Amino acid sequence: MSQTSSGSRTATLSGNDLLELLGALAEAPDFDTGSGQLLEQFAEVATSESATMFALDTACRELRELHSIGGGKPGRAGRIVVSADSQGHPLIMSALGLEIVAYAGAPPPLSEMPFERWFSVPLPQPPFRGCPAPRAPRRVFEGLYAGCEIIPRSGASSVPMGLAPFGAIVFEFTAAMGLPDRSVIEAVANAAQLAGPILSRMQSVDSLHKSSERVDDQRSLLASIVDALPDPIVITDAGNSVIVQNQRAEHLLSPQAGDSEGRRRAVEINNLLFSSFLSKSVMAGGMPQSARDLNLVDPDEGTDLLFEVLAHPIAVAEGRESSVLSVLRDVTDLKRASNELQRQFVRQRITEAESIRERDRLNMILNNVGDPILVSDSQSKLIMMNPQAERLFDLPVESPDDRQIGQRVRGNDTRFATFISDFAISPSLFRREQLALTQPASGAALPVEVLSGKIMNERGEPLAIVSVLHDLTKQVENERLLEEVKAASGELEDRVRMATAHLEAQNVKLQWQSSELEKAYRLKSEFLANMSHELRTPINALIGYTALMLDRIYGELTSKQEEGLLRVQASSHHLLALINDILDLAKIEAGRMPVHLEPTSFKATVAEVIAQIEPLVRKKSLEFKYDLASDIPTMHTDRTKLKQIVLNLLSNAVKFTHKGQVTLAASLAGEHVEIVVSDTGIGIKPEFLDVIFEEFRQVDQSRTREYGGTGLGLSITRKLVALLGGAIGAESEYGRGTTFQVTLPIQSESLTAEEHIARAAIGAARP
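Okay, here's the thing in structure tokens:
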């Protein structure tokens with residue numbers, strides 16, 4: 004600024020004033036503020052009515068207005084239009100050529116510049132990448148519009164090499180004002196030359212800030228949109244590490260502070276599954292072109308989630324590491340719905356198949372059922388019938404012209420239609436009634452029972468009526484036969500009554516005879532017991548006196564006397580044994596055989612029997628073997644009867660064995676003791692096995708039989724076994740030997756006299 008004579012300062016564009024102006028421009032907060040201050044200063048120096056600043060576009064085909072001031076003529080500069088067809092426009096010339104262009108107004112005003120007077124100064128800028136264009140040489144502007152002048156610069160103010168076009172400033176003047184001096188114009192141009200790079204840089208910085216703000220806004224908007232999406236979105240690098248993810252993906256793949264152990268493990272599993280999915284996609288030859296399924300775990304619920312993953316590689320600049328964008332679409336509910344639809348479809352198909360089967364089965368049943376079945380609609384019109392019904396209500400194809408058959412069919416149809424019509428209008432749902440129909444083919448009467456029922460819809464209206472006709476011909480015949488049977492039954496009852504009375508009389512007689520037989524049996528047993536006792540006393544005396552005589556108590560004996568006494572003694576012992584057997588048998592049958600139950604050592608008892616039997620075995624030169632199990636416990640039984648059972652069996656075995664061996668074995672069988680006596684004797688024929696346990700029975704009943712005895716030994720043995728609660732059986736092979744098996748309980752039961760008799764009877768009944 005310079006000082007005038009009046010004391011006020013005028014604007015200048017040199018020296019310190021220019022430095023202050025450029026410093027203020029550099030310190031301006033933004034481009035608009037700085038350019039406005041600069042334009043005002045330039046207009047003041049140039050004494051211009053108005054000024055407008057323009058900048059070239061990137062294609063150098065248009066000038067766009069940056070700032071405008073002055074003159075009370077708003078928007079006037081906006082009338083300047085520089086288009087692609089205006090290559091010779093004065094402002095294009097000024098901007099691209101970095102020239103000062105002026106218009107003094109000698110010719111008519113230019114249509115492209117609607118000002119009376121004006122001049123333009125260029126705004127240069129340092130060249131940089133993306134700069135609109137380099138400076139154009141002056142020869143390009145040889146075809147300028149008439150009236151425009153290029154004002155040359157002085158040597159000191161020439162444009163330095165290396166600057167590029169940025170824009171231009173046009174100053175407007177009225178005709179009365181005229182253009183300022185060329186020194187002023189050159190000073191403005193020199194100041195614009197220095198301010199141009201600053202303005203260019205300020206505009207670039209403002210554009211960068213605005214672009215950065217737009218990018219930040221777009222990034223925030225994009226992040227908000229991505230986070231708002233319900234589907235997980237993940238960007239991963241080449242090593243499958245997560246670069247960016249939205250909140251839904253973070254919920255599935257990123258652990259949070261304070262997570263439970265279950266949630267932490269679920270997140271770890273999800274990361275492993277997702278990384279494995281990406282690795283498999285790469286191994287398969289790149290990212291999938293279509294969605295693929297991925298199973299993950301809900302970290303909160305622990306339930307399975309199913310996602311469709313669409314992964315795409317992200318294009319990056321050459322030399323930068325590639326990344327992958329993965330969009331996970333939750334299809335769990337969709338999959339469940341799909342599965343449910345599939346199940347419903349399968350169920351529907353199954354239902355359809357079952358319906359078809361049911362229909363076919365119903366048709367088969369209808370076609371094969373013996374009774375006629377008819378279906379009528381709500382108007383009583385027949386809509387379906389089975390073949391059996393067709394025979395009654397449909398004319399046969401083979402004889403449609405048969406008049407009699409037609410009359411019978413129509414008669415049946417009329418009767419049935421009347422019944423159905425009455426039933427259709429009645430409120431009842433079921434009806435049973437008899438109809439008199441006619442067999443169309445034979446003309447025979449056909450009584451039938453009709454059972455009809457209504458099929459109702461959801462509104463309670465009848466849809467159809469199903470009727471089943473049951474042939475009553477057999478029933479009528481059966482009723483007739485029933486009457487005949489009733490008549491015959493009455494006669495038979497009379498005969499049965501008479502026969503029953505006769506049988507009752509016979510039964511009374513048989514009961515009396517049975518009572519008499521039981522009494523005779525009991526008297527016989529008592530007689531045998533008494534007589535055996537009476538016989539035992541003299542025989543014992545005979546045995547005793549014979550023994551005294553053999554002991555020479557009454558003197559010496561000759562050999563013949565001794566031989567005779569020995570025979571008497573043997574016969575006496577044999578007779579005593581017979582009497583003892585008869586006495587025992589009689590006692591058992593009379594219920595007088597006592598059973599003394601006491602703790603009994605099985606081994607000790609059997610040892611006594613073995614000691615008694617061994618002399619007989621040695622006398623016949625037989626081999627005797629016995630095997631008694633060591634685990635047989637003490638028995639609660641009758642020791643004497645146990646001993647007699649074993650002795651009878653061993654004696655019987657020795658008696659019928661000439662050579663070979665006799666074997667005794669005993670073992671524990673649960674709660675019983677099993678005794679087995681075997682021999683290699685003569686054996687028993689199969690037909691005699693059923694009689695060996697009967698009283699007074701032997702296999703050889705001839706007078707010349709080889710073996711003596713009464714045949715009571717095995718019978719008594721069986722009865723003794725029965726008294727102790729056991730069982731006895733025999734197996735034999737004729738000529739090779741016999742085996743007897745006896746099973747006795749370890750704990751025998753105490754019996755009453757009646758139970759003794761019952762046991763004895765059971766023993767007698769067993770084979």
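When we follow this note's numbering, the leftmost residue of the sequence shown carries the number 4, and every step to the right adds one. We treat Cβ as the ideally placed atom computed from N, Cα and C, and that holds for glycine. Here the structure is a predicted model, which is why all the values come from computation and not from measurement.
Endpoints, the beta strand (DSSP E) within which residue i is located
i, result
"residue 448", "448–459"
"residue 298", "295–300"
"residue 36", "Note, residue 36: premise wrong, no beta strand (DSSP E); alpha helix (DSSP H) at 34–49."
"residue 92", "Looking at the DSSP string, residue 92 is not in any beta strand (DSSP E), and its letter there is neither H nor E."
"residue 332", "326–333"
"residue 730", "730–736"
"residue 250", "First-last for residue 250: 250–256, but that is the alpha helix (DSSP H), not the beta strand (DSSP E)."
"residue 311", "307–317"
"residue 433", "433–441"
"residue 465", "465–474"
"residue 379", "376–380"
"residue 304", "It is not in any beta strand (DSSP E) - residue 304 carries neither H nor E in the DSSP assignment."
Simplified DSSP state of residue i, which is helix, strand or coil
i, result
"residue 847", "Here the chain covers residues 4 to 770 and nothing more, so residue 847 does not appear."
"residue 696", "coil"
"residue 394", "helix"
"residue 411", "helix"
"residue 664", "strand"
"residue 15", "coil"
"residue 71", "strand"
"residue 177", "coil"
"residue 562", "helix"
"residue 744", "strand"
"residue 426", "helix"
"residue 120", "strand"
"residue 767", "At residue 767, the pLDDT of 45 sits below 50, so the modelled position is not reliable; the number obtained from the coordinates is stated separately. Residue state, collapsed to three classes: helix."
"residue 582", "helix"
"residue 31", "coil"
"residue 56", "strand"
"residue 750", "strand"
"residue 239", "strand"
"residue 671", "strand"
"residue 388", "strand"
"residue 259", "coil"
"residue 548", "helix"
Start and end residues, alpha helix (DSSP H) containing residue i
i, result
"residue 643", "642–658"
"residue 102", "Where residue 102 is concerned, there is no enclosing alpha helix (DSSP H), given that its DSSP letter is neither H nor E."
"residue 199", "185–231"
"residue 628", "Premise fails: residue 628 lies in the beta strand (DSSP E), 626–631, not in any alpha helix (DSSP H)."
"residue 716", "716–726"
"residue 182", "Looking at the DSSP string, residue 182 is not in any alpha helix (DSSP H), and its letter there is neither H nor E."
C-beta atoms of residue i and residue j nearer than 7 Å
i, j, result
"residue 299", "residue 328", "no"
"residue 665", "residue 692", "no"
"residue 660", "residue 686", "no"
"residue 374", "residue 440", "no"
"residue 28", "residue 172", "no"
"residue 679", "residue 656", "no"
"residue 59", "residue 127", "no"
"residue 312", "residue 295", "yes"
"residue 652", "residue 743", "yes"
"residue 270", "residue 302", "yes"
Exposed unless 16 or more other CB atoms sit within 10 angstroms - verdict on residue i
i, result
"residue 248", "buried"
"residue 306", "exposed"
"residue 123", "buried"
"residue 235", "buried"
"residue 70", "buried"
"residue 2", "No information on residue 2 is available, as it lies outside the stretch 4 to 770 that the chain covers here."
"residue 515", "exposed"
"residue 557", "exposed"
"residue 772", "The displayed coordinates of the chain run from 4 to 770. Any statement about residue 772 would go beyond what the structure contains."
"residue 125", "buried"
"residue 721", "buried"
"residue 612", "buried"
Anticipated Cβ contact below 8 Å, residue i with residue j, distance rounded
i, j, result
"residue 549", "residue 520", "About 42 Å separates the two Cβ atoms, so there is no contact after all."
"residue 723", "residue 615", "That belief does not hold up - the Cβ atoms of residue 723 and residue 615 are roughly 17 Å apart, past 8 Å."
"residue 451", "residue 475", "6 Å"
"residue 154", "residue 185", "6 Å"
Closer than 6 Å: residue i CB and nearest the ligand GTP heavy atom
i, result
"residue 416", "Within the structure as shown, the ligand GTP is missing, as the structure has no ligands at all."
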